[in-house]
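Here's the structure, in structure tokens; my notes come after.
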Amino acid sequence: MYTVQNERPVKDCAPLLRQFEKEAINPLAETLFRLEKEIPNTAQPNTHDGYMEVVGEAIERSLAVCREFDALWSEDPQLVKLARQVYLEKTSFLSCSWIIQRARSKPSGFAGDYLMLVKIYDQQTPACGLGGYIDTWLLQIQLGQAVRTRLTSAREFLLQELLQRRGQIRILDVASGPCREYIQWPRFSDILQVESLALDNDPNAIAYVKEHVVPLLPQQTVLKPTQYNALRTVSAESNLREFGTCDIIYSVGLLDYLSDKHLVRMLNAWLDTLKPEGVMYVAFKDCQRYDHTIYQWLLDWYFYQRTEGDVFRLFDLAGYDVSQLESSRDASGIIINFVSSPSGRIHRVDAPIQITARPRVHNMSMTVKP
């Protein structure tokens, strides 16, 4: 009998789990074992030979069973957790996929580390054979595309904001990852000097930025990769002591992994870390625009499921005047980017208001850059 670690056993679930395995896992294993015999181990994935489509269809059929199980037993989270445990254990054959293996093993402590992002940005995989085909399929699904368009949106925001400014500009990038927004960074006029503090707790991410990004920047932009736990930025006092006031604070990706309580504290502290004329830019995934099944079941990759309205309520709790927030969707339609300046701050003496209407979300059509 399967049990959830540190929780009570789920009684009489063995027949149900066997049926789940029969429907969700066995057909997937049969298809992939057949393909493994057909595809040479050294083969580079080819999007025109039909194998990627077969791989994708097999995975999607498997995930459809997982999705149905999720919905059917939504009121029994312990049983769902058990089924996910079974799925991960019984699909270990998927470790031939570099993306799946890294997401599940989490060598940096979490699935979406800097190297995962680099591979998604570049749409490349080190895997060959069947694993390469699985990765190639994963790189073109919804959130794979959204990760790339999110990067494009952040870069365009930074460039547009900087072109409106003069003098010494200080940027704080919280949970910076590989800093790929700074690749092919333009040279500004001499009236603008940019200093960007890139905070990340992963020493490998810091090393990557120092080696692959910093040397490519023009003289007017100084990028300072700094090993620092982003979760410590919940204190404005500490932020000011460590980094001083900032003209721009931005973060893309991090906030989807934080609880509401922690997120409210962080948003409030960031606002108090800005200069009077400063601006903040953050990105969130809209859970109504993508299917989370593939991440929670196939990749063991979790983030908070939030709607647009949920995010506005969190800004409200953090002391923002939400009517002054600017929001826009990236080219994928999945990512919502929020921009706030200190003019959007409100000082309350009562409880937070209840939001009954949301600011209109503007659609942005953007071209994904390589």
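First residue of the sequence shown: 396, per our numbering; consecutive thereafter.
From the three backbone atoms N, C-alpha and C, an ideal C-beta is built for every residue, glycine too.
Taking residue i as the reference, give the member of the options with the closest Cα.
i      : options                        : result
Trp493 : Asp655, Phe415, Thr621, Cys523 : Cys523
Met437 : Leu649, Cys491, Glu551, Phe733 : The residue asked about is misnamed: residue 437 is Thr in this sequence, not Met. Closest option to Thr437, Cα to Cα, is Cys491.
Asp568 : Phe552, Gln519, Pro581         : Phe552
Asp585 : Gln614, Tyr577, Gln579, Asp508 : Gln614
Trp580 : Ala593, Leu720, Glu721, Leu618 : Leu618
Asp767 : Leu477, Leu669, Thr547         : Lying before the first or after the last residue shown, residue 767 is absent from the chain, which here runs from 396 to 765.
Ile536 : Arg575, Leu666, Leu669, Tyr685 : Tyr685
Val768 : Gly562, Leu666, Asp655, Phe698 : Lying before the first or after the last residue shown, residue 768 is absent from the chain, which here runs from 396 to 765.
Glu418 : Tyr446, Arg456, Pro620         : Arg456
Ala664 : Arg636, Leu525, Pro440         : Arg636
Arg777 : Glu590, Asn421, Ser633, Arg543 : The structure shown does not extend to residue 777, since the chain is modelled only from 396 to 765, so the question has no answer here.
Pro440 : Phe428, Asp471, Gly507, Gly526 : Gly526
Met447 : His607, Asn421, Leu534, Ser469 : Leu534
Pro620 : Ser633, Leu720, Leu611, Lys605 : Lys605
Asp725 : Leu538, Pro435, Ile434, Gln519 : Leu538
Ile420 : Ile578, Val608, Asp655, Gln480 : Gln480
Phe583 : Leu592, Val609, Thr616, Pro610 : Thr616
Glu452 : Ser469, Ala424, Pro435         : Ala424
Asn634 : Ser654, Leu611, Leu662         : Leu662
Arg545 : Ile515, Asp655, Lys656, Leu669 : Ile515
Asn624 : Leu611, Val608, Leu612, Leu592 : Leu592
Leu612 : Ile578, Gly445, Thr426         : Ile578
Gln700 : Met675, Tyr652, Arg660         : Tyr652
Leu669 : Phe698, Gln683, Asp705, Glu632 : Glu632
Once the 5 residues before and after residue i are set aside, which same chain residues still bring their CB inside 6 Å of it?
i      : result
Pro747 : For Pro747, the pLDDT reaches just 39, beneath the cut-off of 50, and the residue's location in the model is therefore unreliable, although a value from the coordinates is still provided. Here the set comprises Asp711, Leu712.
Arg743 : Confidence at Arg743 is low in this model, with a pLDDT of 36, below 50, so its placement is unreliable and the value that follows should be read with caution. Hits under 6 Å: none found.
Tyr690 : Trp696
Arg627 : none
Ala549 : Glu576, Val647
Ala541 : Ser727, Ile729, Ile730
Leu512 : Gly572, Pro573
Val609 : Leu618
Pro521 : Trp493
Using DSSP bridges, identify the partner residues of residue i.
i      : result
Asp568 : Ala593, Tyr645
Lys619 : Leu592
Leu669 : Cys641
Asn732 : Ala678, Ser723
Gly562 : Leu587
So, at 7 Å on beta carbons, what are the nonlocal neighbours of residue i in its own chain, with the 5 sequence-adjacent residues on each side left out?
i      : result
Thr442 : Thr531
Leu650 : Leu658, Val677, Phe679
Tyr603 : Tyr509, Pro573
Ala478 : Leu412, Phe415, Phe464
Cys408 : Leu474, Leu477
Asp655 : Leu709
Ile601 : Asp595, Pro620, Gln622
My understanding is that residue i touches residue j, with C-beta atoms under 8 Å, so please give their C-beta distance in whole angstroms.
i      : j      : result
Ile454 : Leu694 : That belief does not hold up - the Cβ atoms of Ile454 and Leu694 are roughly 11 Å apart, past 8 Å.
Ile529 : Val450 : 6 Å
Leu587 : Ile566 : Actually they are not in contact, since the Cβ atoms of Leu587 and Ile566 sit about 12 Å apart, beyond 8 Å.
Asn767 : Gln622 : Within the shown structure, residues of the chain are numbered from 396 to 765, placing residue 767 beyond reach of any answer.
Ser571 : Leu594 : 6 Å
Val723 : Asn732 : Contrary to the premise, residue 723 reads as Ser rather than Val in this sequence. Confirmed, about 5 Å.
In its own chain, which residues sit with a C-beta less than 8 Å from the C-beta of residue i, not counting the 5 before and 5 after it?
i      : result
Gly673 : Thr640, Cys641, Asp642, Ile643, Ile644, Ser736, Pro737
Thr688 : Leu458, Cys461, Arg462, Asp465
Trp468 : Leu474, Val475, Ala478
Contact criterion: CB-CB distance below 7 Å. Does residue i meet it with respect to chain B?
i      : result
Leu611 : The chain inventory of the structure shown lacks chain B, comprising one protein chain alone.
### Query
Counting Cβ pairs, one atom from each stretch, are 3 or more of them under 8 Å apart for the region 474 to 486 and the region 712 to 725?
no
### Message
Whether or not the region 410 to 427 and the region 500 to 510 are in contact is what I'm after, with contact meaning three or more pairs of Cβ atoms, one per stretch, closer than 8 Å; do they touch?
### Response
no
### Message
When you compare the region 555 to 571 with the region 632 to 650, are there three or more beta-carbon pairs, one atom per stretch, that lie closer than 8 Å?
### Response
yes
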